[in-house]
Amino acid sequence: MATFNWAILGLGNIARKFAEDLQRIDDAKLVAVGSRSLERARAFAEDFGAEHAAGTYEAAFDGPKIDAVYIATPHTGHRELTLRCLERGIPVLCEKPLGLNLNEVESMVAAARGSNTYLMEALWSCFIPSIVEMKELVDRGGIGTLEGVRADFGFRGQPRDDFDRDRLYNPALGGGALLDIGIYPVWLAQFLFGVPDEIHATARLTDLGADIDTQVTLKYPGGRLAHCYSTLLGETKTDALLLGTEGELHIHGRFHHAQGFSVLRGTDEPPENHYRSYEGNGYQFEAMAVMEDVRAGRKESTRWSLDDSLLLHRTLTRVRELIGVRYPGE
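Heads up: the sequence shown begins at 1 in the numbering used here, then just goes up one per residue.
Structure follows, in structure tokens:
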């Protein structure tokens with residue numbers, strides 16, 4: 001099968017992990033990289049064998065033929081760069097969050113569908129082997145009827161005196177716990193339950209208005225609840241617990257790319273441990289899914305569709321309204 005040529009725009013830490021995992025796919029090749037720094041682009045290209053290094057995002061398209069672009073810039077660049085790629089008819093895998101708010105996501109989805117070009121939000125968790133197995137088990141009633149979900153994600157952000165320059169803490173840069181890490185617990189709730197009937201949220205904000213400690217509670221038909229917690233104040237277990245009528249399912253930490261989960265059916269029974277270990281960082285699975293979709297002529301993912309992204313960002317935008325986080329221009 002012909003080599004699938006990737007480009008990466010934005011060359012930070014996640015881009016490096018993605019590039020490392022591309023090397024685990026036999027028929028994938030990184031051919032072009034784009035950055036606002038030509039020096040950084042050249043160093044990245046040398047590290048991963050890309051033949052074309054560009055000091056602007058636009059110039060990244062001047063090299064070899066590109067089959068798909070992975071966009072890994074800060075949140076504020078996702079919409080603009082995605083639209084540039086779609087205008088050229090180039091398939092896009094855009095790092096989460098797809099956009100800063102529902103309006104941005106709606107415009108990106110409209111552009112993808114209007115140009116008949118592939119677009120997927122890089123919610124890699126959907127493709128992690130243990131998450132795929134977990135979803136199949138829950139869907140076939142492996143823990144009975146799902147009644148509730150609890151998930152958290154927290155790490156200790158570095159204290160800074162210049163929060164206005166820090167992506168994590170500055171709303172002008174899309175900062176805050178919710179879009180950076182809180183998206184994962186909310187995603188899991190949607191992945192399992194669908195669209196909530198009610199959305200409740202509260203948060204602690206910085207002086208600049210970024211959320212650093214955020215609790216979201218989603219209510220579903222029958223009164224079922226999903227408790228979603230994210231924080232930049234300290235390390236949490238970053239695991240998830242699913243409550244069913246016939247047992248509990250514990251997704252091991254970090255749940256969003258876990259290599260296993262356990263099913264608990266009673267105090268007198270040992271846990272059923274499910275392990276799906278993998279090498280690398282775990283980004284290869286979403287990359288392979290994109291490659292399969294594009295080669296098959298599909299314009300969006302069947303596992304995480306554009307409608308799924310629209311629903312997720314409708315919820316996230318409503319959460320920000322409730323906690324009082326606003327980005328410039330909103």
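Don't be surprised by glycine CBs; every beta carbon is placed ideally from N, CA and C.
Given the structure is predicted, the values throughout are model-derived calculations rather than measurements.
Extent of the continuous alpha helix (DSSP H) run through residue i
i, result
"ASN13", "13 to 22"
"LEU173", "It is not in any alpha helix (DSSP H) - LEU173 carries neither H nor E in the DSSP assignment."
"GLU87", "78 to 87"
"ALA110", "102 to 115"
"LYS219", "Not the alpha helix (DSSP H): LYS219 falls in the beta strand (DSSP E), residues 211 to 219."
"LEU98", "Taken as a continuous stretch (DSSP letters only), LEU98 belongs to no alpha helix (DSSP H), as it is neither H nor E."
"THR315", "306 to 323"
"VAL195", "VAL195 -> no alpha helix (DSSP H), and no H or E assigned at all."
Alpha-carbon to alpha-carbon, residue j and residue i
i, j, result
"ALA289", "ASN101", "25 Å"
"LYS65", "GLU46", "19 Å"
"PHE153", "TYR283", "19 Å"
"GLU133", "LEU38", "42 Å"
"SER277", "PRO97", "26 Å"
"ALA50", "VAL33", "7 Å"
"TRP187", "LEU312", "7 Å"
"GLU87", "GLY77", "16 Å"
"THR202", "VAL319", "8 Å"
"HIS257", "ARG326", "29 Å"
"TYR275", "THR56", "42 Å"
"ARG265", "LYS135", "17 Å"
"GLY352", "PHE155", "The structure shown does not extend to residue 352, since the chain is modelled only from 1 to 330, so the question has no answer here."
"ARG204", "LEU322", "12 Å"
"ARG209", "ASN13", "Correcting the residue identity first, residue 209 is Gly in this sequence and not Arg. Cα to Cα, GLY209 sits roughly 25 Å from ASN13."
"HIS52", "ALA112", "26 Å"
"GLU147", "LEU225", "7 Å"
"GLU106", "THR302", "18 Å"
Pick from the options that is closest to residue i, judged by C-alpha positions
i, options, result
"VAL294", "VAL92, GLY282 and ALA19", "VAL92"
"GLN190", "PRO221, ARG113, PHE61 and LYS299", "PRO221"
"ILE338", "ALA54, ARG314 and ILE14", "Nothing in the structure corresponds to residue 338, since the chain is present only between 1 and 330."
"ARG40", "ILE8, ARG24, PRO270 and ASP307", "ILE8"
"GLU58", "GLU147, THR3, PHE18 and LEU81", "LEU81"
"PHE193", "ASN281, GLY223 and ASP166", "GLY223"
"GLU272", "SER309, GLY142 and THR3", "GLY142"
"PHE255", "THR238, GLU269, GLY247 and ASP307", "THR238"
"GLN259", "PRO129, ALA296, HIS52 and ALA111", "PRO129"
"THR236", "LEU242, GLY253 and GLU20", "GLY253"
"HIS227", "GLU292, GLY182 and GLU269", "GLY182"
"LEU173", "ARG16, GLN215, GLY99 and GLU292", "GLY99"
"THR206", "PRO171, VAL195, GLU279 and THR217", "PRO171"
Close Cβ partners of residue i (< 7 Å) along its chain, the five nearest in sequence each way excluded
i, result
"THR145", "GLY244 and THR245"
"ASN5", "LYS29, VAL31, PRO64, LYS65, ILE66 and ASP67"
"GLU330", "ASN101"
Terminal residues of the beta strand (DSSP E) in which residue i lies
i, result
"SER262", "260 to 264"
"SER230", "225 to 231"
"HIS250", "247 to 251"
6 Å Cβ shell around residue i - same chain, five flanking residues per side excluded
i, result
"LEU232", "GLY157, ALA177 and ILE212"
"TRP304", "LEU123 and CYS126"
"GLU104", "ARG79"
"SER35", "LEU11 and ALA41"
"ALA44", "Reading off the sequence, residue 44 comes out as Phe, not Ala. The residues are LEU11 and VAL33."
"LEU306", "VAL109 and GLU300"
"GLN215", "THR202 and TYR229"
Proximity below 8 Å, CB of residue i to CB of residue j
i, j, result
"ARG79", "MET108", "yes"
"ILE131", "CYS94", "no"
"ARG140", "PRO74", "no"
"LYS299", "THR117", "yes"
"TYR169", "GLY175", "yes"
"ALA287", "ASP21", "yes"
"LEU137", "LEU316", "no"
"ALA19", "PHE48", "yes"
8 Å CB neighbourhood of residue i in its chain, flanking five on each side removed
i, result
"ASP197", "LYS219, TYR220 and PRO221"
"LEU241", "VAL149, ARG150, ALA151, GLU248, LEU249, HIS250 and ILE251"
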